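**Q** Sharing a structure with you now.
In our numbering, the protein residues as written are 89 to 276.
This is the structure in structure tokens:
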């Protein structure tokens, strides 16, 4: 699903970034800019059409730290997934990954009806098989994180935004999350 952005609203792309998009390097305006839905209120994804091709610009719109999020690690993993053919190619990016320019890939959204078909399940399974066969980029440390620790970190970030009158409910949720034991290291 996309939403067209009018010519007056194209300023959402800084000029310094716009010049790095193929077809706009010489100051040419894009032929079209559309907001792609998704991004979980963390990223703004724009489809940009130029005379050269179609591209996606992902801009980080939420700057505060997020538990478990590491933009540099995400970029390294994205590049590895692109090399394996399960993600679009990264064409350019800011050093801090505050924006990423990649090829636009036409595709569908994984909806429940699509996943309920044999073909949808086969396609997803093949994609996941290729994704899980990727060797993680070097220097990133362990790729598996403790789910209970990640859950507590996420709950903590939610608690900051809760109004005071919900503090009793919050303390009950927080207490419950502490009782979640991490998986056994012995494999039992």
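Note that beta-carbon positions come from the ideal geometry of N, C-alpha and C, so glycine has one too. A quick note: this is a predicted structure, and the numbers were derived from the prediction, not measured.
#1: Could you give the DSSP three-state label for residue 123: helix, strand or coil?
#2: Which stretch, first to last residue, makes up the alpha helix (DSSP H) that contains residue 217?
#3: So, for residue 113: in the same chain, excluding its five sequence neighbours on each side, which residues have a beta-carbon less than 6 Å away from its beta-carbon?
#4: What do you reckon, are the CB atoms on residue 131 and residue 148 nearer than 7 Å?
#5: If you drop the 5 nearest sequence neighbours on each side, which residues of the same chain put their C-beta closer than 7 Å to that of residue 166?
#6: Using the DSSP secondary-structure output, state which residues sit across from residue 171 in a beta bridge.
#7: Report the residue from 173, 109, 164 and 103 whose alpha carbon sits nearest the alpha carbon of residue 136.
#8: So, helix, strand or coil for residue 161, using DSSP?
#9: Do you know whose CA, among 224, 162, 186 and 222, lies nearest residue 102's CA?
#10: Taking its Cβ as the centre, do 16 or more other Cβ atoms sit within 10 Å of residue 197, making it buried, or is it exposed?
#11: Taking residue 225 as the reference, which of 126, 144, 122 and 168 has the closest Cα?
#12: Look at the alpha carbon of residue 125 and the alpha carbon of residue 195, and state the distance between them as a whole number of angstroms.
#13: Helix, strand or coil, according to DSSP, for residue 181 in the structure here?
#14: Helix, strand or coil for residue 142? Go by DSSP, reduced to three states.
#15: List the endpoints of the continuous alpha helix (DSSP H) containing residue 289.
#16: For residue 118, is the classification buried or exposed, using 16 other Cβ atoms within 10 angstroms of its Cβ as the cut-off for buried?
#17: According to the neighbour-count rule (16 or more other Cβ atoms, all chains shown, within 10 Å of its Cβ), is residue 189 buried or exposed?
#18: Can you round the beta-carbon distance between residue 180 and residue 159 to whole angstroms, since I take them to be within the 8 Å contact cut?
**A** On the basis of the supplied data:
#1: Indexing the chain shown from 1 puts residue 123 at position 35. It is a strand residue.
#2: Here residue 217 corresponds to residue number 129 of the chain shown, with the count starting at 1. Residue range 206–220 is occupied by the alpha helix (DSSP H) that includes residue 217.
#3: In the chain shown, counting from the first residue as 1, residue 113 sits at position 25. For residue 113, the CB contacts under 6 Å within the same chain, skipping 5 residues up- and downstream, are 107 in chain order.
#4: Walking along the chain shown from the start, residue 131 turns up at place 43. Walking along the chain shown from the start, residue 148 turns up at place 60. Their beta carbons are under 7 Å apart, which means residue 131 touches residue 148 by this criterion.
#5: If you number the chain shown from 1, residue 166 lands on position 78. Non-local beta-carbon contacts of residue 166 in its own chain, meaning distances under 7 Å to residues more than five positions away in sequence, involve 175 and 178 in chain order.
#6: Numbered from 1 along the chain shown, position 83 holds the residue referred to as residue 171. According to the DSSP secondary-structure assignment, residue 171 is paired through a beta bridge with no residue.
#7: Counted from its first residue, the chain shown places residue 136 at position 48. Nearest in C-alpha terms to residue 136, of all of 173, 109, 164 and 103, is 109.
#8: The residue labelled residue 161 in the question sits at position 73 within the chain shown. In the three-state reduction of the DSSP assignment, residue 161 falls in the helix class, which pools H, G and I.
#9: Looking up residue 102 in the chain shown gives position 14. The shortest Cα separation from residue 102 among 224, 162, 186 and 222 belongs to 186.
#10: Reading the chain shown from its first residue, position 109 is the one you call residue 197. Residue 197 counts as exposed, since fewer than 16 other beta carbons sit within 10 angstroms of its beta carbon.
#11: Counting from one through the chain shown, the residue named residue 225 turns up at place 137. With respect to the C-alpha of residue 225, the residue from 126, 144, 122 and 168 having the closest C-alpha is 168.
#12: Taking the first residue of the chain shown as position 1, residue 125 is located at position 37. Taking the first residue of the chain shown as position 1, residue 195 is located at position 107. So the alpha carbons of these two residues sit roughly 13 Å apart.
#13: Mapped onto the chain shown, residue 181 falls at position 93. Residue 181 sits in a strand when the DSSP states are folded into three classes.
#14: Residue mapping note: residue 142 aligns to position 54 of the chain shown, counting from 1. Here residue 142 sits in strand by DSSP.
#15: Outside the modelled stretch of the chain, which goes from 89 to 276, sits residue 289, for which no answer is possible.
#16: Position 30 of the chain shown, counted from the start, is the residue given in the question as residue 118. Its Cβ being crowded by 16 or more others within 10 Å, residue 118 is buried.
#17: In the chain shown, the residue the question calls residue 189 occupies position 101. Buried is the call here.
#18: Sequence index remark: in the chain shown, residue 180 carries index 92 (1-based). Sequence index remark: in the chain shown, residue 159 carries index 71 (1-based). Between residue 159 and residue 180 the Cβ distance is about 15 Å, and since that is not below 8 Å, they are no contact.
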